[in-house]
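First up is the structure itself, then whatever we jot down about it.
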Amino acid sequence: MHPTILSFLFLFGCSLCLTLVMVPLFSRIAASLGIVDIPNGRKVHTKPIPRIGGVAIFISFYVTLILAAMLFADTGDFPLVNLRRILLVLGSVVAFAVGLADDMHRLTPWQKLVMQLVSAGLAYLGGIRIESIGFYALFQVDLGWLSPLVTLFWVVLVINAFNLIDGLDGLAGGVGLIAAAILAYVCFLHNYERGIEYMVVIAGCLFGFLRYNYHPASIFMGDGGSYFLGYVLGTTSILAAMPNPTTMTILVPMLAVALPVIDVSMAIIRRFIRGQAIFKADNRHFHHMLLSTGLSHRRAVLVLYGITLFISICSLALLKFRDERALFLLFLLGCTFLYGLIRLGYFRGYDAKAVLPWIMEVGDGLGLSRSRRTFFNLQLKIGTADSLDGLFHHLQAAVNYLDISVCALYLTPRYSEDGLAGRESGACAEDQRQQTPLYASVTHRQVQPVWVWHNPQHTMEQLHRRLFRVEMDLYNEKGRNFGALVMLKNQAEAPISLYTLNRIEHLRRSILKALEKINQTTRQVD
Numbered sequence: 064m065h066p067t068i069l070s071f072l073f074l075f076g077c078s079l080c081l082t083l084v085m086v087p088l089f090s091r092i093a094a095s096l097g098i099v100d101i102p103n104g105r106k107v108h109t110k111p112i113p114r115i116g117g118v119a120i121f122i123s124f125y126v127t128l129i130l131a132a133m134l135f136a137d138t139g140d141f142p143l144v145n146l147r148r149i150l151l152v153l154g155s156v157v158a159f160a161v162g163l164a165d166d167m168h169r170l171t172p173w174q175k176l177v178m179q180l181v182s183a184g185l186a187y188l189g190g191i192r193i194e195s196i197g198f199y200a201l202f203q204v205d206l207g208w209l210s211p212l213v214t215l216f217w218v219v220l221v222i223n224a225f226n227l228i229d230g231l232d233g234l235a236g237g238v239g240l241i242a243a244a245i246l247a248y249v250c251f252l253h254n255y256e257r258g259i260e261y262m263v264v265i266a267g268c269l270f271g272f273l274r275y276n277y278h279p280a281s282i283f284m285g286d287g288g289s290y291f292l293g294y295v296l297g298t299t300s301i302l303a304a305m306p307n308p309t310t311m312t313i314l315v316p317m318l319a320v321a322l323p324v325i326d327v328s329m330a331i332i333r334r335f336i337r338g339q340a341i342f343k344a345d346n347r348h349f350h351h352m353l354l355s356t357g358l359s360h361r362r363a364v365l366v367l368y369g370i371t372l373f374i375s376i377c378s379l380a381l382l383k384f385r386d387e388r389a390l391f392l393l394f395l396l397g398c399t400f401l402y403g404l405i406r407l408g409y410f411r412g413y414d415a416k417a418v419l420p421w422i423m424e425v426g427d428g429l430g431l432s433r434s435r436r437t438f439f440n441l442q443l444k445i446g447t448a449d450s451l452d453g454l455f456h457h458l459q460a461a462v463n464y465l466d467i468s469v470c471a472l473y474l475t476p477r478y479s480e481d482g483l484a485g486r487e488s489g490a491c492a493e494d495q496r497q498q499t500p501l502y503a504s505v506t507h508r509q510v511q512p513v514w515v516w517h518n519p520q521h522t523m524e525q526l527h528r529r530l531f532r533v534e535m536d537l538y539n540e541k542g543r544n545f546g547a548l549v550m551l552k553n554q555a556e557a558p559i560s561l562y563t564l565n566r567i568e569h570l571r572r573s574i575l576k577a578l579e580k581i582n583q584t585t586r587q588v589d
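All you need for the working numbering is the position in the sequence shown, starting with 1, plus 63.
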């Protein structure tokens, strides 16, 4: 028989009642075994709270589905019907088990991540796959061999999203309940009865759990519950898009879980930029920021409920728009969300003066900037120089590009006496030596450099003021010292750029490469 509205209501009531009965039972078990969440500086509760409420959700969910298989044989979801369902159920068991193990024994972040990937991999083998990404008729991209990677990434992302958002009483459960309702409606539009069944049952579990988890909470769902919840909603958000991918793309059902996903994504980016461990907990999540504004615990949770509901309603509106209006609605939604984060102070400290230089450095390190590519070309010319005259010529171009005021190259007596400098430098080096007394007091060296260059556009009178001085010994990897490179920069004439020190280090390596090559060539001639 096909499920009717009454049958779905029955399943909702069944999962609700089972959860209401089982949560107090596991609360007492957790208290007797000492499986409690201890308060600390990051957490808002003030006394130990049992943390295995997710066990009640997990058991209630599958007991109800087994009951559904008995009552509605045509559409029941008994786990041992076929291999795909077995794999799908195993994925949820792995997600729940690793979370429960962390609740009881504390696993390392990498152990949890590996098992989350195993869980997502089982879901993929069970038929949960993101094979294309598109937006109605506007565009459609076939992922091909990227499909497993994107699917695993999404499922693991949602699992961690609900884990990280579970920071206030009733927050993860309430957001999950709203998301389940939206996903059930999307499944209904596609006549996807199995998806409706999943969401109705998980909604009943969450509704019953909130009876004990809403502020002030007497039990937490723990990592086991949040991992299981994230797995169920993450896989169902993919299932909701699979029946009709040409008109219902993956974006619309995914918006139902947008709030926790955005929160965890921004946490990853924030920790990466700050050089912090990706898995290290902090107090910069959305709920922490709301509490910092002076909102009470309950009001902060209600605000996040409202945001989730608003995003969900917008996702439903996308079902009505199948053209450019949908993109415009998404743009407005993104701008509204960004404005709210700015007003909340989420980006405090991330002003343009702090972030833009970092972005420029990243681009420079990847060789994306034109300045880096230009200097790399000069490095290549220096590194391939086969004579000192050629080295001096390209070195002059490089230091001039860096806007250096004075540059002097010194070679150790060993190489100067053996003819590395004297044999090939010629009149060019001799002319440069005659200028050495002008800079001896600045370079702090009594010996003669083999090459010295002065930027004609910089005045020497103010060189002692605001002086930027770099002196580097030219040691190669074998510990052989070829000499030293001294650079002086008048900051009054030319302020230090963002990349000056990086460029100078690259320059030192290129000079060493050229000197090693010239030295080897000289010895072969001798």
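Where a beta carbon is used, it is the ideal one built from N, C-alpha and C, also for glycine.
Treat the numbers as computed from the prediction; the structure is a model and nothing was measured.
Pairwise C-beta distances place the segment 147 to 160 in contact with the segment 288 to 298, as three or more of them are shorter than 8 Å. A residue is called buried once 16 or more other Cβ atoms fall within 10 Å of its Cβ, and residue 133, having fewer, is exposed. The beta carbons of residue 233 and residue 273 sit about 6 Å from each other, so the pair counts as a contact at 8 Å. Residue 367 carries a helical assignment under DSSP once its states are collapsed to helix, strand and coil. Boundaries of the beta strand (DSSP E) around residue 471: 469 to 474. Considering only 539, 221, 216 and 382, the residue with the shortest C-alpha distance to residue 253 is 382. The Cβ neighbour count for residue 355, taken over all protein chains shown within 10 Å, is under 16; the residue is labelled exposed.
Boundaries of the alpha helix (DSSP H) around residue 124: 116 to 134. According to DSSP, residue pairing for residue 530 in a beta bridge involves 553. Taking C-beta separations shorter than 6 Å and ignoring five residues to either side along the sequence, the partners of residue 465 in its chain run 566, following chain order. Under the Cβ criterion (8 Å, minimum of three pairs), the segment 257 to 265 does not count as touching the segment 222 to 232.
DSSP places residue 560 outside both helix and strand once states are collapsed to three, so it counts as coil. When DSSP assignments are scanned along the segment 309 to 354, the uninterrupted stretches of alpha helix (DSSP H) that are 4 or more residues long and fall wholly within it turn out to be 314 to 317 and 321 to 336.
Cα atoms of residue 153 and residue 269: separation of roughly 21 Å, rounded to the nearest angstrom.
Bounds of any beta strand (DSSP E) do not take in residue 521, whose DSSP letter is neither H nor E. In this structure, the straight-line span from the alpha carbon of residue 124 to that of residue 346 is close to 32 Å.
Looking from the CA of residue 408, the closest CA among 348, 539 and 541 belongs to 348. Only residues of its own chain outside the window of five on either side were considered, and among them 150 have a CB closer than 6 Å to the CB of residue 188, listed in chain order.
Relative to residue 460, the option among 518, 548, 83 and 145 whose CA is nearest is 518. With a threshold of 16 other beta carbon atoms within 10 Å, residue 68 falls short and is exposed. Annotated as proximal: residue 86 and residue 116, with beta-carbon spacing under 8 Å.
Here residue 513 carries a coil assignment [DSSP, helix/strand/coil]. At the C-beta level, residue 318 and residue 367 stay beyond 8 Å of one another. Taking a C-beta distance under 8 Å as the contact criterion, residue 535 and residue 551 do not qualify as a contact pair. Look at residue 195 here: in three-state DSSP terms it is strand.
In this model, residue 287 and residue 235 are separated by some 13 Å (Cα to Cα). Per DSSP, the continuous alpha helix (DSSP H) segment holding residue 294 begins and ends at 285 to 302.
Under the three-state reduction of DSSP, residue 544 is assigned to strand. DSSP, reduced to helix, strand and coil, places residue 255 outside both helices and strands of the structure shown, so it counts as coil.
Per the C-alpha coordinates, the member of 405, 300, 230 and 164 positioned closest to residue 282 is 230. Per DSSP, the beta-bridge partners of residue 112 are 100.
Taking C-alpha positions only, residue 427 is separated from residue 75 by approximately 56 Å. Taken through DSSP and simplified to helix, strand or coil, residue 537 comes out as strand. With respect to the C-alpha of residue 245, the residue from 193, 375, 129 and 192 having the closest C-alpha is 375. CA-CA distance, residue 430 to residue 531, rounds to 26 Å.
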